[in-house]
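K.L.:
Residue numbers (my numbering): -17 to 391.
All C-beta atoms in this analysis are idealised placements derived from N, C-alpha and C, irrespective of residue type, glycine included.
Could you have a look at this structure, given as structure tokens, before my questions?
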């Protein structure tokens, strides 16, 4: 018996419907995990009902990220063969399979869709930022993850500042490289940039704050090109003004900056209790765990078991065992093989970004460097909120990267 398509699918514009669902997903990333899950579920259902698997896969067959993300997912599956904790391996796979959402999203993205998808992401950030300000100003009471000190209601502040940094980077990119739009859009982008930078400072996550400076540096260097010394001078001036202003006028920024310096300078042996001390100790101990099985690692999800053993014998002990370094959690599980594949994914993004030739070229180069920097301090690609924004923006930025040759044809 031949399968017959549901009648509504014969008249439905699947590409347009999938794009709308992806737009809803991008819009809701910063404030509603439920909407993200619903949108994704409907996209997957649409893919299954459409039954044009070969045609869809053909759209991403020449994209290197398709094969690199597939390799990462396969590693998560094969790693069950030598794991010490099957239960944790299942939990880890429930995160790791999502790398395949990058080529899945790319199946439905065309070059002309990119501005729309970036706009809906920024629009969602407007809603999140507005809510954050309403809490900070005392107009509404803190709810969700927010406190009186740190107004980040929809997710924990270390993750929210990643969103704020990416939004700020996109706005800087727009102002530097895409100024042909109407004047009111330039003013709107500039105003949004100022408010998002303040929001980035008051929400306290140091990873996002450092990440923004990485984005700013790369964007300025790409903007000035061969006049690189001008880029360095501009970056030094801009970052000095931003840091000084935040330090002088935003108490939570000053407190966390002072605490970071204090904790680094007073790091010593024993049980670690400070935020920075715990991160340093975690990195030392996880690196020692990696050295025990450097080639293929300890298997999927085995990092907590291995860490407990290393931690007991370490001079730098922690009560917290959650990895705060994405590189080390990959290396401990999958060894150098996994590390090479993981880095190759970012290398492919850098390569595609460098050889692209539109107004997003600089941001495509800055984007992977942003993640390569912040992943030293947290396992962002195993954390729901930050993983999804990585998957979404990677798909949007690299689904169609016009080269100099393609623009000339």
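Taking the alpha-carbon positions, what's the residue 214 to residue 242 distance?
P.N.:
Residue numbering aside, residue 214 sits at position 232 when the chain shown is read from its first letter. Residue numbering aside, residue 242 sits at position 260 when the chain shown is read from its first letter. Straight-line Cα distance between these residues: approximately 25 Å.
K.L.:
Keeping to the same chain, check which residues put their C-beta closer than 7 Å to that of residue 80; ignore five residues upstream and five downstream.
P.N.:
Counted from its first residue, the chain shown places residue 80 at position 98. Answer for residue 80: 369, 373, listed in chain order.
K.L.:
May I have the straight-line CA-CA distance separating residue 37 from residue 63, to the nearest angstrom?
P.N.:
Looking up residue 37 in the chain shown gives position 55. Looking up residue 63 in the chain shown gives position 81. Between residue 37 and residue 63, the C-alpha separation is close to 34 Å.
K.L.:
Classify residue 353: buried if its beta carbon has 16 or more other beta carbons within 10 angstroms, exposed otherwise.
P.N.:
As a first step, residue 353 must be located in the chain shown, where it is residue number 371. Under this definition residue 353 is a buried residue.
K.L.:
Can you find the residues in the same chain that come closer than 6 Å, C-beta to C-beta, to residue 392, ignoring five residues on each side of it along the sequence?
P.N.:
Look at the range of the chain in this structure, -17 to 391, and you will see that residue 392 is not part of it.
K.L.:
Under 8 Å, with one C-beta from each stretch per pair, do the stretch 306 to 321 and the stretch 155 to 166 reach the 3-pair mark?
P.N.:
No: fewer than three Cβ pairs fall under 8 Å.
K.L.:
How many angstroms separate the CA atom of residue 233 from the CA atom of residue 220?
P.N.:
The residue you call residue 233 lines up with position 251 of the chain shown. The residue you call residue 220 lines up with position 238 of the chain shown. Straight-line Cα distance between these residues: approximately 20 Å.
K.L.:
Looking only at its chain, what residues have a beta carbon closer than 8 Å to the beta carbon of residue 184, apart from the 5 residues adjacent to it on each side?
P.N.:
Within the chain shown, numbered from 1, the residue matching residue 184 stands at position 202. Around residue 184: 114, 118, 132, 133, 232, 234, 235.
K.L.:
Helix, strand or coil for residue 12? Go by DSSP, reduced to three states.
P.N.:
Position 30 of the chain shown, counted from the start, is the residue given in the question as residue 12. Coil at residue 12, not helix or strand.
K.L.:
On the three-state DSSP scale, how would you describe residue 132?
P.N.:
For the purposes of this step, residue 132 is taken as residue 150 along the chain shown, with counting starting at 1. Coil at residue 132, not helix or strand.
K.L.:
What separation, rounded to the nearest whole angstrom, lies between the Cα atoms of residue 314 and residue 67?
P.N.:
Numbered from its first residue, the chain shown carries residue 314 at position 332. Numbered from its first residue, the chain shown carries residue 67 at position 85. If I take the Cα positions, the gap works out to 13 Å.
K.L.:
Which residue or residues does DSSP assign as beta-bridge partners of residue 398?
P.N.:
A query on residue 398 cannot be resolved here, the shown segment of the chain reaching from -17 to 391 and no further.
K.L.:
With which residues is residue 138 paired in a DSSP beta bridge?
P.N.:
Position 156 of the chain shown, counted from the first residue, corresponds to residue 138. Paired residues: none, contrary to the question.
K.L.:
Does residue 174 pass the burial test, meaning 16 or more other C-beta atoms within 10 Å, or should it be called exposed?
P.N.:
Taking the first residue of the chain shown as position 1, residue 174 is located at position 192. Counting Cβ neighbours within 10 Å, residue 174 comes out buried, since at least 16 surround it.
K.L.:
Express the C-alpha separation of residue 99 and residue 357 in angstroms, rounding to a whole number.
P.N.:
Counting from 1 along the chain shown, the entry for residue 357 is found at position 375. Counting from 1 along the chain shown, the entry for residue 99 is found at position 117. Distance between the alpha carbons of residue 357 and residue 99: 25 Å.
K.L.:
Compare the Cα-Cα distances from residue 249 to each of 126, 330, 259 and report the closest residue.
P.N.:
To locate residue 249, count along the chain shown from 1; it is residue 267. Checked all of 126, 330, 259; the closest Cα to residue 249 is 259.
K.L.:
Confirm the yes/no value for this check: CB of residue 148, any heavy atom of the ligand MN, distance under 7 Å.
P.N.:
Absence of the ligand MN from the depicted structure is noted, as is the absence of any ligand whatsoever, leaving it without description.
K.L.:
Going by the CB atoms, is the gap between residue 106 and residue 11 shorter than 8 Å?
P.N.:
The residue given as residue 11 occupies position 29 in the chain shown. The residue given as residue 106 occupies position 124 in the chain shown. The answer is yes: Cβ separation under 8 Å.
K.L.:
Measuring only the C-alpha atoms, how far is residue 363 from residue 204?
P.N.:
As a position in the chain shown, residue 363 is number 381, starting the count at 1. As a position in the chain shown, residue 204 is number 222, starting the count at 1. Those two C-alpha atoms are separated by around 27 Å.
K.L.:
Using only the alpha-carbon positions, how far apart do residue 53 and residue 324 sit?
P.N.:
The sequence position of residue 53 within the chain shown is 71, counting from 1. The sequence position of residue 324 within the chain shown is 342, counting from 1. One C-alpha to the other measures close to 9 Å.
K.L.:
To the nearest angstrom, how far is the alpha carbon of residue 143 from that of residue 150?
P.N.:
Residue numbering aside, residue 143 sits at position 161 when the chain shown is read from its first letter. Residue numbering aside, residue 150 sits at position 168 when the chain shown is read from its first letter. Each residue's Cα considered, the two are about 10 Å apart.
K.L.:
Between the stretch 301 to 310 and the stretch 257 to 275, do at least 3 Cβ pairs fall closer than 8 Å?
P.N.:
Yes: the two stretches touch, three or more of their Cβ pairs being nearer than 8 Å.
K.L.:
What runs of the alpha helix (DSSP H), each 4 residues or longer, lie entirely inside the stretch 47 to 116?
P.N.:
As far as the stretch 47 to 116 is concerned, its whole alpha helix (DSSP H) runs of at least 4 residues are 68 to 78, 83 to 88.
K.L.:
So which of 45, 46, 91, 34 has the shortest CA-CA distance to residue 8?
P.N.:
By one-based count along the chain shown, residue 8 stands at place 26. With distances taken between Cα atoms, residue 8 lies closest to 91.
K.L.:
Quick check on residue 357: does DSSP put it in helix, strand or coil?
P.N.:
Sequence index remark: in the chain shown, residue 357 carries index 375 (1-based). Residue 357: coil per DSSP, three-state reduction.
K.L.:
Among the residues of its own chain, which have a CB less than 7 Å from the CB of residue 390, if the five just before and after it don't count?
P.N.:
The residue you call residue 390 lines up with position 408 of the chain shown. Annotation note: pLDDT 46 at residue 390 (below 50); position unreliable, no value reported.
K.L.:
Starting from residue -5, follow the alpha helix (DSSP H) in both directions and report where the run begins and ends.
P.N.:
Numbered from 1 along the chain shown, position 13 holds the residue referred to as residue -5. Taken as a continuous stretch (DSSP letters only), residue -5 belongs to no alpha helix (DSSP H), as it is neither H nor E.
K.L.:
What are the boundary residues of the alpha helix (DSSP H) that includes residue 191?
P.N.:
In the chain shown, the residue the question calls residue 191 occupies position 209. Note, residue 191: alpha helix (DSSP H), 188 to 206.
K.L.:
According to DSSP, is residue 125 helix, strand or coil?
P.N.:
Along the chain shown, read from residue 1 onward, the residue named residue 125 stands at position 143. Looking at residue 125 - three-state DSSP - the assignment turns out to be coil, as it is neither helix nor strand.
K.L.:
Count the CB pairs spanning the stretch 330 to 345 and the stretch 288 to 301 that are closer than 8 Å, and state whether there are at least three.
P.N.:
At 8 Å Cβ cutoff, the stretches do not touch.
K.L.:
Please tell me whether residue 110 and residue 194 are closer than 8 Å, where the distance is taken between their beta carbons.
P.N.:
The residue given as residue 110 occupies position 128 in the chain shown. The residue given as residue 194 occupies position 212 in the chain shown. No, these two residues do not count as a Cβ contact at 8 Å.
K.L.:
Thinking C-alpha only, which one of 89, 104, 72, 330 is nearest residue 6?
P.N.:
Taking the chain shown and counting its residues from 1, one reaches residue 6 at position 24. Among 89, 104, 72, 330, the Cα nearest to that of residue 6 belongs to 104.
K.L.:
How should residue 93 be labelled, buried or exposed, when 16 other C-beta atoms within 10 angstroms of its C-beta is the threshold for buried?
P.N.:
The sequence position of residue 93 within the chain shown is 111, counting from 1. Burial call: exposed.
K.L.:
Between the C-alpha atoms of residue 188 and residue 256, what's the straight-line distance to the nearest angstrom?
P.N.:
Taking the first residue of the chain shown as position 1, residue 188 is located at position 206. Taking the first residue of the chain shown as position 1, residue 256 is located at position 274. Distance between the alpha carbons of residue 188 and residue 256 is about 14 Å.
K.L.:
Using only CA atoms, which one of 280, 19, 328, 82 lies nearest to residue 367?
P.N.:
Position 385 of the chain shown, counted from the start, is the residue given in the question as residue 367. Measuring from the Cα of residue 367, the nearest candidate turns out to be 19.
K.L.:
Please report the distance separating the alpha-carbon of residue 383 from that of residue 335.
P.N.:
In the chain shown, residue 383 corresponds to position 401, counting from 1. In the chain shown, residue 335 corresponds to position 353, counting from 1. If I take the Cα positions, the gap works out to 7 Å.
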